[in-house]
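Notes follow the structure.
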Amino acid sequence: MLEYLKELDLQLFDYLNGYTHTFWDAFMIQISDRKFWFPLYAFLLFYLIYTFRNQSILKLVAIGLTIAAADGISAQIIKPLVGRLRPCHDAALADIVVIIDRCGGQYGFVSSHAANTFGLAMIAAMLLDKRYFYLKLFLFVWATFISYSRIYLGVHYPGDVLFGALLGILLGYIIGKLYWWTRNRYYPEKPAEL
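Numbering-wise, this note's numbering puts 178 at position 178 of the sequence shown, and it's gapless, one number per residue.
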């Protein structure tokens, strides 16, 4: 069963990585670069502080914990433990993998980019109410584009990205639940005075 899944992952990688174009090459390099994300994250930071004022501190702690956990678990625990080579480092794939930019670290399972961005999207979904539907949707679409860019650039298999996304979503959900438990227990809403 595991061999079948590996073969399916390789076939899907070959299909998704094989469609390249000079316009998309430049776009995918940019969207995959963490420096490209900075303006969005700076905007979200200032928006949260401006909108939620004092409540923003606990929200920012939850967001920071989610991203730190996603990055730490994916890069420091899972990648060295599993030891799955990135497609761009696998000599057996030298004839089929299209490497658009630099390859990155040796191991790729799970994708830290996917874990971090889907973790952010999920914690935002947990912390923000329905008035922020379009922002939450945008963050999931953003995470999907970044995750796809990792396959396009030849640095991750689809399975790396899928399990990175699941890790981020799980951590965002758990930390979101912890946020609401902490907020309701230690910072309950005060009833409005008449």
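Even for Gly, the Cβ is constructed at its ideal location relative to N, Cα and C.
For residue j and residue i, the rounded distance between their alpha carbons
i: Q106; j: F46; result: 36 Å
i: D160; j: F109; result: 5 Å
i: G64; j: L10; result: 34 Å
i: D129; j: F138; result: 15 Å
i: F38; j: T22; result: 24 Å
i: L58; j: Y179; result: 8 Å
i: Y19; j: P158; result: 14 Å
i: R53; j: I31; result: 30 Å
i: Y195; j: L162; result: This structure does not reach residue 195, given that the chain is present from 1 up to 194, and the question cannot be answered.
i: L40; j: L135; result: 11 Å
i: M1; j: L8; result: 11 Å
i: R86; j: K177; result: 33 Å
i: G72; j: L16; result: 28 Å
i: Q76; j: A124; result: 24 Å
i: T51; j: L44; result: 10 Å
i: T117; j: D90; result: 26 Å
i: Y186; j: L5; result: 46 Å
i: F13; j: F36; result: 24 Å
i: N184; j: A62; result: 14 Å
i: W24; j: D101; result: 12 Å
i: A42; j: E3; result: 43 Å
i: R131; j: I175; result: 21 Å
Nonlocal neighbours in the same chain, by C-beta distance under 7 Å from residue i, ignoring five residues either side
i: C88; result: V97, I99, C103, G154 and V155
i: G83; result: Y107
i: A197; result: Residue 197 is absent from the structure shown; the chain starts at 1 and stops at 194.
Residue i classed as buried or exposed, judged by whether at least 16 other C-beta atoms fall within 10 angstroms
i: E189; result: exposed
i: T196; result: A query on residue 196 cannot be resolved here, the shown segment of the chain reaching from 1 to 194 and no further.
i: R34; result: exposed
i: A192; result: At A192 the pLDDT is 49, less than 50, meaning the model places this residue with poor confidence and gives no usable figure here.
i: A94; result: exposed
i: M126; result: buried
i: A26; result: exposed
i: F133; result: exposed
Same chain, Cβ closer than 6 Å to residue i, five either side skipped, listed in chain order
i: A115; result: A70, S74, G164, L167 and G168
i: L194; result: Caution is warranted here: a pLDDT of 48 is assigned to L194, below 50, making its placement in the model unreliable, and the coordinate value is therefore given only provisionally. Here the set comprises nothing.
i: H113; result: I146 and R150
i: I78; result: V110
i: S171; result: Going by the sequence as given, residue 171 is Leu instead of Ser. So the list reads T66, A69, A70 and G119, once near-sequence residues are dropped.
i: M28; result: S149, Y152 and L153
i: A121; result: L139, F140 and A143
Cutoff 8 Å; reference residue i; Cβ partners in own chain excluding five residues on either side
i: I49; result: S56 and L60
i: P80; result: Y107
Contiguous alpha helix (DSSP H) assignments of at least 4 residues, all confined to the segment 44 to 122:
56 to 72 and 79 to 82
Taking the runs of the alpha helix (DSSP H) that are 4 residues or longer, which of them lie wholly in the segment 2 to 36?
2 to 17 and 22 to 32
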